[in-house]
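Numbering (the numbering used here), first residue to last: -9 to 594.
By construction, the Cβ of each residue, glycine as well, lies at the ideal position given by its N, Cα and C atoms.
See below for the structure under consideration.
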Ligand code: ADP
Ligand code: ZN
């Protein structure tokens, strides 16, 4: 059995070998077993049901909440020569009947169905009359009412087991935490399913956190190293999404907005463009992204702090699904902490829920401020033991210094105390640096003993100190969002000198400028390491792919992934056989596109 699974992998998909547990999962499901698969985004979940679908008699029913993406998923399978179709509300009744007939005749190997459609009597009857090979329940975490992707219809999917007890089921998700996993098992009656839990590490993603200084300039510098590449920029509010997208367009970046306040047609249009065209930057709230299986997203930038480690991990996980290098870049400052703390304090949730949310925010702040390997921290949060430093995060690549900031912290805390715990960082910094202005004079804060005791740090350094003190729970922002700071329980020991405080050393201005120049000087296409002399051929290969994709109205990656083009660029195959040996070139694509790509390669 496993040899035929392998030969399908190689001939249909064009991949030389299975990844991780794919082979075991495929064998288990193909032989009729139920499975629950937890794998990070980009881990290769689709093959886990697509190959069993090709090995078993009948049609695999794939339940997916992502109507807008079904067309692309089906297109991708058709490119491989696999008979596939979908049923959802976007089809008119004529098209729907046609799909139903193809199912009944046994012609389809895979049928994607929206859950609300699947649960109709009409659809269940139809399935009963044909032959179902397996049920794949994608995005299975949608059964969980605690996640933000909750879909009530998912809870009714247990009827599948009741009506088709002999058909194997495979549920898949990239949501890692144990409570969600338990809920999936319970809600989908999967207690006897075998669980496959992959490592959640995404080694090709480089994690970076930078302190917010001048966010637009910082974003621009960051995007400068990713010119011409697809990526996502996450913002907290709809307003900021629109402003940022507009500003980026003025700056010559191909940016589009996406948020839940836009009408559905505009949202779909922007999503389609992002999926289909090369080099679009999507500026979005977290409403964007679930199930976006665009493989060549080269970066995910956060202009605001995500709400939790779970959110951060999911959002950044949308980068680099093709296994090529991708950047996760988070730009964060004290203002973010104040905003999120306020959102939690003012939400309608009960106290217990608020406490949980506050805990999640604190975990994320600790991640942002850590001087240790970020990947270790991230994986530890998800209960995974990663026992070495990764070498692919900012802290590993450019280790920050820690310094004993006990005295500085005492000065900051006492400035907060002496000014009555009613002021924000700007005012407090002026007091500490001894810079009197009208307000300070009027409030007589220039008479305080802390006035001018902190001239050794500049404004930016003080901002970093205050941010870190808040992140460490030594200061707390007010609940109303004015940005004023007050002392906490923990502050007292620091003020008494009983607890030392160690902080992360801020990169100095000169260093920063140098870093910036380096980024600017780096060539576009930097993240794929395309050398200048390779650029003409790379562009020619991408143009050819783009043209083929446009002719058929499918996304470019459906023709070939970047990883496959990159292998062509490096190996320069001259014959069909050599081209066919490249990962991602299956038989069908070789027959269809082989000559065209050989032509472009030969012209180089
Ligand atoms: P997931 O659904 O888990 O996020 P996908 O199924 O979309 O991930 O797979 C991610 C990418 O990896 C896809 O581009 C897929 O074609 C590719 N892929 C999956 N399995 C393999 C494999 N064994 N060898 C090479 N590429 C693979
Ligand atoms: Zn690291």
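For residue 39 and residue 78, the gap between their C-alpha atoms comes out near 20 Å.
Runs of the alpha helix (DSSP H) lying entirely within the region 359 to 417 and spanning at least 4 residues, in chain order: 364 to 371, 384 to 387 and 396 to 408. In the three-state DSSP reduction, residue 477 falls in the strand class (E or B). Per DSSP, the unbroken beta strand (DSSP E) holding residue 321 starts and ends at 316 to 322. Note that the region 14 to 31 touches the region 171 to 187; at least 3 beta-carbon pairs, one per stretch, sit closer than 8 Å. Closer than 7 Å to some heavy atom of the ligand ZN: that does not describe the Cβ of residue 194. Going by DSSP, residue 208 is part of the alpha helix (DSSP H) stretching over 205 to 214. For residue 388, the shortest C-beta to heavy atom distance toward the ligand ZN is 7 Å or greater. For the options 184, 121, 46 and 439, the alpha carbon positioned closest to that of residue 153 is the one of 121.
Each residue's CA atom was taken as its position, placing residue 557 and residue 550 some 11 Å apart.
With a cut-off of 7 Å, the C-beta of residue 321 is classified as distant from the ligand ZN, since no heavy atom of the ligand falls inside that distance.
Burial is judged here by how many other beta carbons sit within 10 angstroms of a residue's own beta carbon; residue 95 has fewer than 16 and is exposed. Secondary-structure assignment with DSSP links residue 291 through a beta bridge to 223 and 319.
In this structure, residue 123 places its C-beta atom within 8 Å of the C-beta atom of residue 46. Under a 10 Å Cβ-count criterion, residue 465 is classified as buried, with 16 or more other Cβ atoms of the shown protein chains found around its own Cβ. Contact between the region 188 to 196 and the region 47 to 67 is absent: fewer than three C-beta pairs spanning the two stretches fall below 8 Å.
In the three-state reduction of the DSSP assignment, residue 101 falls in the strand class. Close CB contacts of residue 360 within its chain, under the 6 Å cut and outside five residues either way in sequence, are with 367 (chain order). Counting only runs that start and end inside the region 45 to 132, the alpha helix (DSSP H) elements of at least 4 residues fall at 57 to 69, 83 to 94, 105 to 108 and 111 to 119. Per DSSP, residue 577 has no beta bridge partner at all. Shown here, residue 272 sits in a strand according to DSSP, grouped into three states. Nearest to residue 306 by C-alpha distance, out of 253, 192 and 335, is 192. Assignment of beta-bridge partners to residue 201 by DSSP yields 322. When secondary structure is reduced to three states using DSSP, residue 265 falls in the helix class. DSSP places residue 490 outside any beta strand (DSSP E), giving it a letter other than H or E. Shortest gap from the CB of residue 379 to any heavy atom of the ligand ZN: under 7 Å. Setting aside the 5 residues that flank it on each side, residue 320 is surrounded in the same chain by 199 and 292, each with a C-beta closer than 6 Å to its C-beta; the list follows chain order. Around the beta carbon of residue 35, a 10 Å sphere encloses 16 or more other beta carbons of the protein chains shown; the residue is thus reported as buried. In this structure, residue 35 has its CB closer than 7 Å to one or more heavy atoms of the ligand ADP. Out of 44, 272, 419 and 409, the CA that lies nearest to the CA of residue 437 is found in 409.
In the displayed model, residue 186 falls within a strand according to three-state DSSP.
By the beta-carbon neighbour count (other beta carbons within 10 angstroms, threshold 16), residue 243 is buried.
Remark: C-beta atoms of residue 313 and residue 287 do not approach each other more closely than 8 Å. For residue 15, the three-state secondary structure derived from DSSP is helix. In the DSSP annotation of this structure, the continuous segment of the alpha helix (DSSP H) that includes residue 547 starts and ends at 546 to 549. If you check the CB distance, residue 280 and residue 129 come in under 8 Å.
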